[in-house]
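S.K.:
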Amino acid sequence: MAASTSTTPEMIQGGAAKDPDLPDRGLQMQFEKLILEPLKTLTAGDQYNKTLVLVIDALDECGAEAHGTRGTGEDRTRLIVKLLAKTAAITGARIRIFLTSRPELPITLGFGDVPEYAHQDVALHHIPESITEHDIKVFLSSEFELIRKSHNITNSPEWPGKETLQKLVKMAVPLFIYASTICKYVDDPRQRYNPKSRLEQFLSHNADFSTGIQSTYQPILEQLLVYLSESQEAQALKDFRLIIGTIVLLADPLPVSSLSQLLELDCDDVFYHLKNFPSVLEIPEKMDSNVPIKLFHLSFQDYLLANDRGMNKFYIEEKAKHADLLRCCLRIMTGKSSTQLFLKNDICQLNEPGVLREEVDPGVIRKHIPKHLAYACMYWVHHLRNSQMRVHDEDEVHTFLTR
Numbered sequence: 009m010a011a012s013t014s015t016t017p018e019m020i021q022g023g024a025a026k027d028p029d030l031p032d033r034g035l036q037m038q039f040e041k042l043i044l045e046p047l048k049t050l051t052a053g054d055q056y057n058k059t060l061v062l063v064i065d066a067l068d069e070c071g072a073e074a075h076g077t078r079g080t081g082e083d084r085t086r087l088i089v090k091l092l093a094k095t096a097a098i099t100g101a102r103i104r105i106f107l108t109s110r111p112e113l114p115i116t117l118g119f120g121d122v123p124e125y126a127h128q129d130v131a132l133h134h135i136p137e138s139i140t141e142h143d144i145k146v147f148l149s150s151e152f153e154l155i156r157k158s159h160n161i162t163n164s165p166e167w168p169g170k171e172t173l174q175k176l177v178k179m180a181v182p183l184f185i186y187a188s189t190i191c192k193y194v195d196d197p198r199q200r201y202n203p204k205s206r207l208e209q210f211l212s213h214n215a216d217f218s219t220g221i222q223s224t225y226q227p228i229l230e231q232l233l234v235y236l237s238e239s240q241e242a243q244a245l246k247d248f249r250l251i252i253g254t255i256v257l258l259a260d261p262l263p264v265s266s267l268s269q270l271l272e273l274d275c276d277d278v279f280y281h282l283k284n285f286p287s288v289l290e291i292p293e294k295m296d297s298n299v300p301i302k303l304f305h306l307s308f309q310d311y312l313l314a315n316d317r318g319m320n321k322f323y324i325e326e327k328a329k330h331a332d333l334l335r336c337c338l339r340i341m342t343g344k345s346s347t348q349l350f351l352k353n354d355i356c357q358l359n360e361p362g363v364l365r366e367e368v369d370p371g372v373i374r375k376h377i378p379k380h381l382a383y384a385c386m387y388w389v390h391h392l393r394n395s396q397m398r399v400h401d402e403d404e405v406h407t408f409l410t411r
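So for the sequence shown, my numbering puts the first residue at 9; every next one is plus one.
If you want it as structure tokens, here you go:
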């Protein structure tokens, strides 16, 4: 927004400078100071004759426990819709908001608070299939052209061919994530495999699966188990549930090093394991990167948490996994893990009981409260709640609370 207008950069910087605590304020205050008030400075006198489009993708994936926000995830998403509606009062510029989301109830209710004239709704499943099919075909054609170039496939300029391309289109409609995942799988970033062979493998496995989401992910994951003995397969699935199962259920994404410390695993082992999933996970290029590991699409989580007719051997039992993560958090906070950093009095070694948080160097905080410890402190209750475990006298939770 700052780069698109001439007057808003100063307003945004000024709002942040006037209130150093703004990052810790509630969502409404942040919205008003950083978005709404700067936009209100745009007037006809500024000759701002462009349309400013704000894009918000996947609102339903907005974190429930995001920093500086109180209330539930439902409260948060509903509030975001309500706040965005305030831009309708801006008269000095043409503001348009393009928002995508699953039709979750809180978001639907949020739009119920917005006057009908202020928004237009489009449900993807109401778009004619011919339009969706055309768009997916254009996407696949473009992606396969890039794959041919990046892998120097010069002997087959028409690959994968019109017939195969049309087959992929029919398989993908109406799921764009299906088409995207196919391309990521075929375009092996480490170039270990021939893209032609990868596509053939995908197509040969695909006929065995009944649902769109299953046919998207199952063939990709089953390649991990090829040529493994029964015992090796069991170990591979155990490792998968430990590492990937954790990633899909984290309340907030973590980088490789922090994930390793949370699970008490060797960082090299975790990073090596993650390299098997470039088509479904956004993986940092370097092991020591602070970039968090993220899912490309929430449907991967949906797939892993569903066990349709008992056919999903990669199934993650949600409650049990949350219970495991709760124990990881408690272990880290109480100092029972291999890490030397845990909760204690004067954790930052300030020796000044009255010092305010904003007076502490952020580097000192990062040194004494690393990301895995901060995660444990912030989200152990989240995992307790979602595990649906009961707290009993003398159990791990009770012992932690009475320390």
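Note that beta-carbon positions come from the ideal geometry of N, C-alpha and C, so glycine has one too.
Helix, strand or coil: how does DSSP classify LEU148 here?
M.R.: Locating residue 148 in the sequence shown gives position 140, counting from the first residue. LEU148 falls in the helix class under three-state DSSP.
S.K.: Indicate whether VAL61 and PHE106 have their beta-carbon atoms separated by less than 8 Å.
M.R.: Position 53 of the sequence shown, counting from 1, holds the residue named residue 61. Position 98 of the sequence shown, counting from 1, holds the residue named residue 106. Cβ distance < 8 Å, so VAL61 and PHE106 count as in contact.
S.K.: Please report how far the alpha carbon of MET386 lies from the alpha carbon of LEU271, in whole angstroms.
M.R.: Counting from one through the sequence shown, the residue named residue 386 turns up at place 378. Counting from one through the sequence shown, the residue named residue 271 turns up at place 263. Between the alpha carbons of MET386 and LEU271 lies a distance of about 16 Å.
S.K.: Could you check what DSSP says for GLU175 in three-state terms: helix, strand or coil?
M.R.: Translated into positions along the sequence shown, residue 175 becomes position 167. Per the sequence shown, residue 175 should be read as Lys rather than Glu. In the three-state scheme derived from DSSP, where H, G and I count as helix and E and B as strand, LYS175 is classed as helix.
S.K.: Which same chain residues, not among the five before or five after GLN55, have their C-beta less than 8 Å away from its C-beta?
M.R.: Counting from one through the sequence shown, the residue named residue 55 turns up at place 47. Here the model assigns GLN55 a pLDDT of 49, short of 50, so the residue's position is not dependable, and the following value carries that caveat. Nothing meets the Cβ criterion.
S.K.: The beta strand (DSSP E) with ARG104 in it runs from where to where?
M.R.: Here residue 104 is taken as the residue at index 96 of the sequence shown, counted from 1. Run containing ARG104: 102-107, per the beta strand (DSSP E) assignment.
S.K.: List the whole-angstrom C-beta distance separating ILE117 from PRO168, where the pair is believed to meet the contact cut-off of C-beta under 8 Å.
M.R.: Numbered from 1 along the sequence shown, position 109 holds the residue referred to as residue 117. Numbered from 1 along the sequence shown, position 160 holds the residue referred to as residue 168. Reading the sequence as shown, one finds Leu at residue 117 and not Ile. At roughly 44 Å, the Cβ-Cβ gap does not stay under 8 Å, so LEU117 and PRO168 are not in contact.
S.K.: CB-CB under 7 Å to ARG249, same chain, minus the five flanking residues each way: which ones, in chain order?
M.R.: Stepping through the sequence shown from its first residue, residue 249 is reached at position 241. Excluding residues up to 5 positions away in sequence, ILE324 lie with their Cβ nearer than 7 Å to the Cβ of ARG249 in the same chain.
S.K.: With distances taken Cα to Cα, identify the nearest neighbour of ILE190 among PRO182, LEU176 and ASN202.
M.R.: As a position in the sequence shown, residue 190 is number 182, starting the count at 1. Residue LEU176 is the option with its Cα nearest to ILE190.
S.K.: Cβ atoms of THR224 and ILE252: under 8 Å apart, would you say?
M.R.: Indexing the sequence shown from 1 puts residue 252 at position 244. Indexing the sequence shown from 1 puts residue 224 at position 216. Going by C-beta atoms, ILE252 is not nearer than 8 Å to THR224.
S.K.: Straight-line CA distance for HIS400 to ALA382?
M.R.: Here residue 400 corresponds to residue number 392 of the sequence shown, with the count starting at 1. Here residue 382 corresponds to residue number 374 of the sequence shown, with the count starting at 1. Their Cα atoms are separated by approximately 25 Å.
S.K.: When the Cβ atoms of the segment 279-296 are set against those of the segment 349-361, are three or more pairs found closer than 8 Å?
M.R.: no
S.K.: What's the call for SER158, buried or exposed, on a 16-neighbour Cβ count within 10 Å?
M.R.: Along the sequence shown, one-based indexing puts residue 158 at 150. Classification for SER158: exposed.
S.K.: Any idea if GLN396 is buried or exposed, counting beta-carbon neighbours within 10 angstroms, 16 or more meaning buried?
M.R.: On the sequence shown, residue 396 is found 388 positions in, with the first residue counted as 1. Exposed.
S.K.: Rounded to the nearest angstrom, what separates HIS305 and ALA96 at their Cα positions?
M.R.: What you label residue 305 is simply residue 297 of the sequence shown in a count that begins at 1. What you label residue 96 is simply residue 88 of the sequence shown in a count that begins at 1. Those two C-alpha atoms are separated by around 31 Å.
S.K.: If we count the other Cβ atoms within 10 Å of its Cβ and call it buried at 16 or more, is TYR311 buried or exposed?
M.R.: For the purposes of this step, residue 311 is taken as the residue at position 303 of the sequence shown. In summary, TYR311 is buried, with 16 or more beta-carbon neighbours lying within 10 Å of its beta-carbon over all protein chains present.
S.K.: Among PRO378, ARG339 and GLU367, whose alpha-carbon lies nearest the alpha-carbon of THR407?
M.R.: Looking up residue 407 in the sequence shown gives position 399. With distances taken between Cα atoms, THR407 lies closest to ARG339.
S.K.: Could you name the residues that DSSP lists as bridge partners for LEU62?
M.R.: Sequence index remark: in the sequence shown, residue 62 carries index 54 (1-based). Answer is ILE105.
S.K.: For GLU290, name the three-state secondary structure that DSSP assigns.
M.R.: Walking along the sequence shown from the start, residue 290 turns up at place 282. Three-state result, GLU290: strand.
S.K.: Measuring CA to CA, which of THR140, CYS70, ASN202 and GLU241 is closest to THR108?
M.R.: Within the sequence shown, numbered from 1, the residue matching residue 108 stands at position 100. The candidate whose alpha carbon is nearest that of THR108 is CYS70.
S.K.: Between LEU313, GLN243, ILE161 and GLU241, which has its C-alpha nearest VAL256's C-alpha?
M.R.: Working through the sequence shown from its first residue, we reach residue 256 at position 248. For VAL256, the nearest C-alpha among the options comes from LEU313.
S.K.: Which of helix, strand or coil does DSSP assign to LEU87?
M.R.: The count along the sequence shown starts at 1 and reaches residue 87 at position 79. Of the three classes helix, strand and coil, the one that applies to LEU87 here is helix, per DSSP.
S.K.: What does LEU303 pair with, by DSSP beta-bridge criteria?
M.R.: On the sequence shown, residue 303 is found 295 positions in, with the first residue counted as 1. The partner list for LEU303 (beta bridge, DSSP) reads LEU289.
S.K.: For the alpha helix (DSSP H) holding SER164, just list the boundary residues, first then last.
M.R.: As a first step, residue 164 must be located in the sequence shown, where it is residue number 156. That residue, SER164, is in no alpha helix (DSSP H); it is neither H nor E in DSSP.
S.K.: Check TYR186 in the structure and name its three-state DSSP category.
M.R.: Here residue 186 corresponds to residue number 178 of the sequence shown, with the count starting at 1. In the structure shown, TYR186 sits in a helix (DSSP, three-state: H, G or I).
S.K.: Counting only the same chain and skipping the five closest in sequence on each side, list residues whose C-beta sits under 6 Å from that of GLU151.
M.R.: Mapped onto the sequence shown, residue 151 falls at position 143. CYS191, listed in sequence order.
S.K.: Classify TYR235: buried if its beta carbon has 16 or more other beta carbons within 10 angstroms, exposed otherwise.
M.R.: Translated into positions along the sequence shown, residue 235 becomes position 227. Exposed, since its Cβ has fewer than 16 Cβ neighbours within 10 Å.
S.K.: In the DSSP assignment, find the alpha helix (DSSP H) that holds ASP332 and state where it starts and stops.
M.R.: Translated into positions along the sequence shown, residue 332 becomes position 324. From DSSP, the alpha helix (DSSP H) with ASP332 extends over 326-342.
S.K.: Out of ASP65, LEU303, PRO263 and PHE285, which has the shortest C-alpha to C-alpha gap to MET295?
M.R.: One-based indexing of the sequence shown puts residue 295 at position 287. Of ASP65, LEU303, PRO263 and PHE285, the residue nearest in Cα terms is PRO263.
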